[in-house]
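Note sheet for the following structure.
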Amino acid sequence: MSSKATGLKGVVLDETRIALIDGDEGKLVYRGYNIHDLAPHASFEEVCYLLLCGSLPDGGQLSAFDAQLRASRAIPQPVIEIIERLKAAHPMDVLRTAVSATVALDESSDDATIEVALPAGIRLIAQAATIVAAMHRLRNGLEPVAPRDDLGHAANFLYMMFGHEPSVEDAKIIDLDLVLHAEHSSNASTFAARVAAGTAADIGSAIVAAIATLKGPLHGGAAEAVQKTVEEIGDPDRAVEYIKDKIEAGEKVMGFGHRVYKNEDPRGQELKGIARDLGHKRGNDRWFQILQQVETAMEPYRAKGIYPNVDFYAGAVYSLLGIPEEQFIPMFVVGRMPGWVAHVLEQYEDNVLIRPLLEYTGPRHLRYKPIAER
Ligand SMILES: CC(C)(COP(=O)(O)OP(=O)(O)OC[C@H]1O[C@@H](n2cnc3c(N)ncnc32)[C@H](O)[C@@H]1OP(=O)(O)O)[C@@H](O)C(=O)NCCC(=O)NCCS
């Protein structure tokens with residue numbers, strides 16, 4: 050009898066100490082800390098340390114870790130040139146290639162050991178933000194802005210994107226968004242990173258595999274799709290009708306549903322409040338109102354375990370901060386980097402090749418025919 054689990058649904062791959070997702074309760078825990086506790090209190094840098102090193106840092110540990118991140122922000126000139134050459138391509142193609150080039154130019158990262166992968170991973174966490182900001186600048190015909198080492202990770206990221214120091218409030222919102230995206234157990238991209246690490250490939254290869262996997266609209270691409278939906282709906286009064294048509298056509302509504310959460314996604318709950326407050330502050334409540342109407346129209350599907358996920362309100366937050374749609378998936382990469390790095394380290398710790406089976410259902414006894422007889 051077949052024991053297949055299509056899409057590896059419900060399959061436990063291994064043990065982890067990095068994150069717990071309780072899909073029925075709608076609970077996300079990083080290294081023992083509930084996301085609702087971390088979100089209002091911990092900075093992205095603290096969360097990176099927590100995920101990579103296993104516990105919250107004390108003051109000295111955090112300063113040393115932060116200094117390491119700040120010192121790693123610059124990207125090599127050839128990477129900037131590659132981004133310039135590719136600037137019109139899909140941002141995820143540019144990002145994947147730029148990270149791959151950064152890794153290729155970093156001679157000290159090509160070894161599948163924790164000693165090499167930890168500092169290399171920290172460098173990549175810092176550099177990913179610089180790459181994404183440079184991508185945005187070059188795509189829009191602007192010069193890249195060099196990182197500043199007197200700003201935190203989120204504030205420096207916004208500074209490199211827009212060329213001016215962000216307000217404390219905007220930097221705090223991005224910091225929180227990065228915290229919420231930092232880790233999510235064995236999601237598709239993290240699984241891809243672990244599969245690559247499981248072959249004893251270097252951390253750079255594993256991160257590139259993860260970025261490639263995140264691109265799809267069923268994973269990282271959903272926030273972009275949600276924002277497109279919001280634009281298409283245009284008016285809160287049209288939302289219910291729009292969703293009805295979508296569902297009747299058998300289409301999925303982007304930003305809803307999750308493989309693991311069959312209850313509210315706690316990250317979405319955090320982002321919902323931010324989208325509401327920010328919309329109000331910026332004098333643009335329309336996006337939030339449309340999203341709310343969509344959420345109401347989707348209420349009957351809660352019984353099936355379909356709730357808004359992290360991507361549902363993320364797009365509105367990014368748009369209100371001036372981050373264009375095409376940079377939404379790259380934003381996800383900037384946030385998810387520490388999670389990927391932590392999983393690669395955990396995989397190296399007790400490595401085993403990841404190699405599932407496929408149940409063959411094709412023909413078995415065909416005989417080769419010369420081409421003239423086919
Ligand atoms: C995330 C996702 C791929 C999870 O998929 P999954 O675990 O394989 O769940 P399934 O696709 O098997 O869905 C189970 C049921 O819920 C329905 N469903 C799931 N997500 C839905 C959505 N967004 N809109 C409408 N119906 C949905 C499916 O049609 C299916 O219904 P059925 O049992 O009548 O066939 C899926 O929910 C989805 O495509 N969501 C939209 C994209 C998105 O927002 N992705 C970001 C995830 S963080």
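Per the working numbering, residue 50 is the first one in the sequence shown, and the count goes up by one each step. Ideal Cβ positions, reconstructed from N, Cα and C, are used throughout, including at glycine. Owing to the predicted nature of the structure, the values given are computational and were not obtained by experimental measurement.
Distance between beta carbons of residue j and residue i, contact taken as under 8 Å
i, j, result
"Ile339", "Val383", "26 Å between Cβ atoms; not a contact."
"Glu395", "Thr65", "6 Å"
"Met303", "Ala274", "4 Å"
"Leu118", "Ile174", "7 Å"
"Pro89", "Tyr98", "Rounded, the Cβ-Cβ distance is 18 Å, inconsistent with contact."
"Ala220", "Leu207", "6 Å"
"Leu369", "Leu320", "Incorrect: roughly 11 Å between the Cβ atoms, too far for contact."
"Ala49", "Val148", "This structure does not reach residue 49, given that the chain is present from 50 up to 423, and the question cannot be answered."
"Met210", "Pro196", "Rounded, the Cβ-Cβ distance is 11 Å, inconsistent with contact."
"Gln376", "His185", "6 Å"
"Gly43", "Lys264", "Outside the displayed range of the chain (50 to 423) lies residue 43, so it cannot be described from this structure."
"Ala346", "Phe337", "No, Ala346 and Phe337 are not in contact; Cβ-Cβ is about 15 Å, not under 8 Å."
"Leu135", "Thr146", "6 Å"
"Arg447", "Leu111", "Because the chain spans 50 through 423 in this model, residue 447 falls outside it and cannot be assessed."
"Asn205", "Arg122", "7 Å"
Under 7 Å between C-beta atoms of residue i and residue j
i, j, result
"Ile131", "Ala150", "yes"
"Val60", "Ala54", "yes"
"Met141", "Ile372", "no"
"Phe93", "Leu200", "no"
"Pro357", "Ala231", "no"
"Phe305", "Ile355", "yes"
"Leu191", "Glu133", "no"
"His202", "Ala237", "no"
"Ser317", "Tyr367", "It is worth fixing the name first, because residue 317 is Gly in this sequence and not Ser. For Gly317 and Tyr367, no; Cβs fall outside 7 Å."
"Ile70", "Leu62", "no"
"Val343", "Ile296", "no"
"Gly56", "Lys311", "no"
"Val244", "Ile403", "yes"
"Pro103", "Glu313", "The sequence given here has Gly at residue 103, not Pro. Not a contact, by the Cβ cut-off of 7 Å."
"Ala272", "Gly364", "yes"
"Ala246", "Ala259", "no"
"Ile129", "Pro193", "yes"
Extent of the continuous alpha helix (DSSP H) run through residue i
i, result
"Tyr362", "Val359 to Leu369"
"Val257", "Ile252 to Leu263"
"Val181", "Ile163 to Arg188"
"Ile129", "Gln126 to Leu135"
"His414", "Looking at the DSSP string, His414 is not in any alpha helix (DSSP H), and its letter there is neither H nor E."
"Ala116", "Gly108 to Ala120"
"Lys277", "Ala271 to Ile282"
"Ile222", "Val217 to His230"
"Ser238", "Ala237 to Gly247"
"Arg145", "Pro140 to Leu154"
"Pro89", "Ile84 to His90"
"His202", "His202 to Phe211"
"Leu105", "Per DSSP, Leu105 belongs to no alpha helix (DSSP H) and is neither H nor E."
Where the beta strand (DSSP E) containing residue i begins and where it ends
i, result
"Ala68", "Ala68 to Asp71"
"Tyr79", "Lys76 to Tyr79"
Subject >> Contact between the segment 277–292 and the segment 164–172 (3+ Cβ pairs under 8 Å) >> reply: no
Subject >> Contact the segment 388–405 vs the segment 249–256: 3+ CB pairs below 8 Å >> reply: yes
Subject >> Every unbroken alpha helix (DSSP H) within the segment 298–382, with a cutoff of 4 residues, ordered by chain >> reply: 315–330, 335–346 and 359–369
**OP:** Only counting runs of 3 or more residues, tell me where the beta strand (DSSP E) segments fall wholly within the segment 384–408, in order along the chain.
**Re:** none
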